Amino acid sequence: MNPQFLAIAKDPAIIPGVYHYCDEWCDYCALTTRCLEYRCTTEFRRQQRRSPGDPTFLSTEEAIAFTREVAAAEGTRTDGLDALLARPRALSNPAASHPLARMAWEYAIGASELMMPAWIEILKNCEGLGSSAPGPGPDEIVMWYHLRIYMKIFRALAAPASGAGDASGTGEAVGCAKLALVSVQRSRSALRLLRSAGNGAAVDALIARLDALESGLDAHFPEARAFVRVGLDCAVA
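Residue numbers (this note's numbering): 2 to 238.
Given below as structure tokens:
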């Protein structure tokens, strides 16, 4: 175990598990100093002497090892990761073919087709998503979440088969579904701000897909909306 990770985990300011169901948008997050994964990532980059423009991980194996070390420092298990590594196709194929996953993928493609010119300009004008601005613009919000909605729905659908979170995988599935719901809601609000006479029909079609995704998530994961992400959905002292 990385001793520095363990020292970070023992900091009383850390909010247990706050990163498990977050949107990974650290540049705009107010909880980075209280997030175990963020602080361990910063420490890992320091230990590996990564420069600001370097990727954090140079291989999949390095990322997996990091995930295991953070979990060990936190005192949690990596059952979901272990199951995915042992049986990747057995877990991914049913999830990928589920109607919710297909719907989310269709939304991601539609969002890309509509928003790509704006996203290219965003990437030209900044080194990465996130800046000194107080918050992201609507273009940036749609860009950030369009694939993450698919990924979190996929993870929610695959979790029960992996046994992640608890004996049946329910904990992980519900948490991921909650994050997908939040991502859908933020994306829909951003799209409404971007709607104009010139793109009205295309934006309305994307919003309709998000509405259908939200209804599908509520039906498939009825406990997700009430799921509380500590530190994100409720304040922590």
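Glycine is no exception: its CB is placed at the ideal position from the N, C-alpha and C atoms.
These numbers come from a predicted model, not from an experiment.
- When Cβ pairs closer than 8 Å are counted between the two stretches, the segment 104–117 is seen not to touch the segment 223–231, the count staying below three.
- Taking Leu214 as reference, the option from Ala157, Gly54, Glu25 and Leu101 with the minimal CA-CA separation is Leu101.
- In terms of Cβ geometry, Ser188 and Leu211 form a close pair [threshold 9 Å].
- Using a Cβ-Cβ distance cut-off of 8 Å, the segment 67–76 and the segment 26–46 are in contact, since at least three pairs of beta carbons, one from each stretch, lie closer than that value.
- Considering only Asn94, Gly136 and Met104, the residue with the shortest C-alpha distance to Ala160 is Asn94.
- Residue state for Cys27 is assigned as helix, using DSSP reduced to three classes.
- Sorting Leu32, Phe6, Tyr20 and Leu7 by C-alpha distance to the C-alpha of Glu173 places Tyr20 at the top.
- Cβ-Cβ distances below 7 Å link Thr79 to Thr68, Arg69 and Ala72 in the same chain, with the five nearest sequence neighbours on each side left out; the list follows chain order.
- Judged by beta-carbon spacing, Met104 lies beyond the 9 Å limit of Val143, meaning their Cβ atoms are not closer than that value.
- Taking the CA atoms as reference points, Ala8 sits about 21 Å from Glu63.
- Non-local beta-carbon contacts of His147 in its own chain, meaning distances under 8 Å to residues more than five positions away in sequence, involve Tyr108, Ala109, Ala112, Ser113, Met116 and Ser188 in chain order.
- Here Ile121 is exposed. Its C-beta has fewer than 16 other C-beta atoms within 10 Å.
- Phe6 and Ala202 have their C-alpha atoms some 50 Å from each other.
- Here the alpha carbons of Thr57 and Gln48 stand approximately 11 Å from one another.
- Here Val237 is exposed, its C-beta having fewer than 16 other C-beta atoms within 10 Å.
- Buried is the label assigned to Gly81, since at least 16 other Cβ atoms lie within 10 Å of its Cβ.
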